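Engineer: Counting along the sequence shown from 1, when you hit position 72 you're at 1332 in this note's numbering, and nothing is skipped either side.
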Amino acid sequence: MVSKKYYPRKKILTPIQQFSLVKQNFSKAKIINNQGKLHLYISLQPSVFSPSYPIEIIEYSRGKYDTWLIGNIQKIDNPKFPHKYEVDKKNNKVRLCLYHPNRGEWTKDQEIYNTLIPWTCEWLYYYELWLDDGKWRGGGEHPRLNDRKRPRRNN
1261 MVSKKYYPRK KILTPIQQFS LVKQNFSKAK IINNQGKLHL YISLQPSVFS
1311 PSYPIEIIEY SRGKYDTWLI GNIQKIDNPK FPHKYEVDKK NNKVRLCLYH
1361 PNRGEWTKDQ EIYNTLIPWT CEWLYYYELW LDDGKWRGGG EHPRLNDRKR
1411 PRRNN
């Protein structure tokens, strides 16, 4: 008899399940329905010496999320602003590059509170160092914009 190993498929969590898990771990997080899309708003503080940074996470496609730094962003006009996909100066927000999209570093079956949230804190930590001396110490390879294409939304 041939033995076959069974590997159960992990369940992909819905946005409300993802955001509810975040809210269980970060009680001040807010979940808002904006035109049929769920938005998660959370403040993150990368170190005890850091200010809190407002973050917005939006599902842009089934099980795929954008992470935005929002609010009063220092050096948003700097053309060398690090590790980002886009800068929205009109709405004062920056879409962060937290992982390489084509390398399987993040998959839809992972919980965002265990991945995107800590990765955002790490990004913010290196952002603070960059603000100080202009050197990005966060490592990583920033993918070409074509690696992360998605349809533009009208805001």
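Glycine included, every Cβ here is placed at the ideal spot set by N, Cα and C.
Just so we're clear, the structure is a prediction, and the values are computed from it rather than from any experiment.
In whole angstroms, what is the alpha-carbon distance linking Glu-1365 and Ile-1302?
Structural biologist: 23 Å
Engineer: I'd like to confirm the pairing. Which residues does DSSP put opposite His-1299 in its beta bridges?
Structural biologist: Ile-1292, Ile-1318
Engineer: Using DSSP with H/G/I as helix, E/B as strand and the rest coil, what is Leu-1329?
Structural biologist: strand
Engineer: Cutting at 7 Å between CB atoms, please list the residues of its own chain near Cys-1357, excluding the five before and the five after it.
Structural biologist: His-1343, Lys-1344, Tyr-1345, His-1402
Engineer: If you draw a straight line from the alpha carbon of Gly-1400 to that of Thr-1380, how long is it in whole angstroms?
Structural biologist: 14 Å
Engineer: Kindly give me the distance between the Cβ atoms of Gln-1305 and Leu-1391, rounded to whole angstroms, as I take these residues to be in contact under 8 Å.
Structural biologist: Not quite, the Cβ-Cβ distance comes to about 15 Å (not below 8 Å), so this is no contact.
Engineer: Tell me the DSSP secondary structure of Pro-1411 in three-state form.
Structural biologist: Residue placement at Pro-1411 is poorly supported in this model, since its pLDDT is 44, which falls under 50; the coordinates still yield a value, given next. Note: Pro-1411 maps to coil in three-state DSSP.
Engineer: Can you tell me where the beta strand (DSSP E) with Glu-1346 in it begins and where it stops?
Structural biologist: 1344-1348
Engineer: Whose CA, out of Tyr-1385, Trp-1396, Asn-1374, lies closest to the CA of Gln-1284?
Structural biologist: Asn-1374
Engineer: Thinking C-alpha only, which one of Val-1308, Gly-1331, Phe-1341 is nearest Asn-1352?
Structural biologist: Gly-1331
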